[in-house]
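So for the sequence shown, our numbering puts the first residue at 52; every next one is plus one. Cβ coordinates follow ideal geometry from the N, Cα and C atoms, glycine included. Note that the structure is predicted; figures quoted are calculated from it, not measured.
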Amino acid sequence: MRHFKSGTFARDTMPTSVRPFSPHISLTGIDQVDLQALWDSGKRLLLLDVDNTLLPWKAKEVPPESKAFLTRARELGFDLCAISNTRHPERLTVICGLMEIDFIRDKFKPSRRMYNAALEKYGRTPEQTMMIGDQLLTDIWGANRAGIDAIWVRRLGKEEFIGTRLVSRNVEKLLGTVLYRYFQAEEADVERRPGFFRRAVFQQMVKFAMVGGLATAVDLGLHNYLMFRATSGGMLLRERVELWAAATFGLSQDTFIHPAEVAYPVLKIGPVLLAILISYLMNRWLTFQATHEKITVRQVVQFYAVALVGMLISITAGSVVNAAATGSVQANWLKGSLVGMVAGFIWNFNVQRRWTFKKGSEQ
Ligand SMILES: [Mg+2]
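Shown next as structure tokens:
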């Protein structure tokens, strides 16, 4: 179970081993309860869990949604009764006073005692009653044991009694994975998927392309500087590299590779590595918003590896299209370059997003 979902549970079809823990309906909050429908279906008594259902754990003020819910329920004619096994009866008295509802405090849920006491107090049958609570192992199980239908609401806050947090919620997660197999999401509650241009992935694509543009500009600008402006010992850096290549590898005008052809790739290494680093940092910060995670060697190496493979793909795809195209030399160059760029982008964006920045892009 990864997310709480609103909907209906097909209790009849689920294994009897999990049925006692299954609510009839799950809702994201008490304000989502369709009181009119409950009334129309014959319900007259609402049993309400307090902590994290009506108000956050330990809170002393009643949220407006809960107040509105209670007011509406009262208007329709429901009997309302809080049932709580709190160890702080003073607080329970105060907050139920604020909410103007009765309460029953007794043995721990899922004991049937409080449920049965409430039925007796209001002279209602289980069929006329509905329990609303945030915990499967107490509220919902207890209701089922007493033969009362139950609505499971998403807990109001993450703060909870430590036993609840450590034990009940983990068991709940396990139960949830089974229960949700018998689940029908509520039509109205299914959020409409935003259009492609408003989706996170599209926005990431735009940012990734912007970062790519910036990195390319850095690469070209720096390479241009190293080739044509940077000097070393009174001569252009490019010429020094040519001399070095000639001396080290014995290159000359007669060898397969001329000394003049060496400067371009050699002086390209630094700018490319720097451009990839900038691209990594910018994408981490802007595109995938992963700055809360530590920079790891693994991730940086991964990013470089993916980027370098991307270059190979780009060059290969571009070369193939350039060779296969049948227009003028310039037109073929343009087609090859565009296809190469698109191929590199598709590779880089998808692999960096789904692999290198897996965590950040999943949100
Ligand atoms: Mg609760």
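Residue i classed as buried or exposed, judged by whether at least 16 other C-beta atoms fall within 10 angstroms
i, result
"residue 320", "exposed"
"residue 367", "exposed"
"residue 380", "exposed"
"residue 400", "buried"
"residue 35", "Outside the shown range of the chain (52 to 414) lies residue 35, about which nothing can therefore be said."
"residue 150", "buried"
"residue 91", "exposed"
"residue 184", "buried"
"residue 87", "exposed"
"residue 201", "buried"
"residue 255", "buried"
"residue 241", "In this prediction, residue 241 has a pLDDT of 47, which is less than 50 and means its spatial position is unreliable; what the coordinates show is noted afterwards. The residue is exposed, with fewer than 16 neighbouring Cβ atoms inside 10 Å."
"residue 121", "buried"
"residue 239", "Reliability of the predicted coordinates at residue 239 is poor, the pLDDT of 47 falling under 50, and no value is obtained from them."
"residue 144", "exposed"
"residue 336", "exposed"
"residue 259", "buried"
"residue 181", "buried"
"residue 308", "exposed"
"residue 346", "exposed"
"residue 166", "buried"
"residue 67", "exposed"
"residue 315", "exposed"
"residue 382", "exposed"
"residue 81", "buried"
"residue 282", "exposed"
"residue 171", "exposed"
"residue 161", "buried"
"residue 331", "buried"
"residue 414", "With a pLDDT of only 42 at residue 414, under the threshold of 50, the placement of this residue in the model should not be trusted; the figure read from the coordinates follows. Exposed, because fewer than 16 other Cβ atoms sit within 10 Å of the Cβ of residue 414."
"residue 206", "buried"
"residue 109", "exposed"
"residue 263", "buried"
"residue 126", "exposed"
"residue 159", "exposed"
Any chain D beta carbon closer than 8 Å to residue i
i, result
"residue 72", "The question asks about chain D, but that chain is absent: this structure has only one protein chain."
Opposing strand residues paired with residue i [DSSP bridges]
i, result
"residue 234", "60"
"residue 132", "98 and 153"
"residue 76", "59 and 202"
"residue 271", "For residue 271, which the question treats as bridged, DSSP gives no partner whatsoever."
"residue 106", "102"
For ligand 1, which residues have a Cβ under 6 Å from at least one heavy atom, in chain order?
-> Here the list is 100, 102, 103, 104, 184, 185 and 186.
Which ranges does the beta strand (DSSP E) cover as unbroken runs of at least 3 residues, wholly within the stretch 177-262, from first to last along the chain?
-> Counting whole runs of 3 or more residues, the stretch 177-262 contains the beta strand (DSSP E) stretches 180-184, 200-204 and 234-236.
Mind pulling the alpha helix (DSSP H) runs of 4 or more residues that sit fully within the stretch 278-336?
-> Whole alpha helix (DSSP H) segments, 4+ residues: 288-300 and 314-333.
Would you mind listing the alpha helix (DSSP H) stretches within the stretch 341-396 that are 4+ residues and don't spill past its ends, in chain order?
-> Within the stretch 341-396, the complete alpha helix (DSSP H) runs of at least 4 residues are 348-375.
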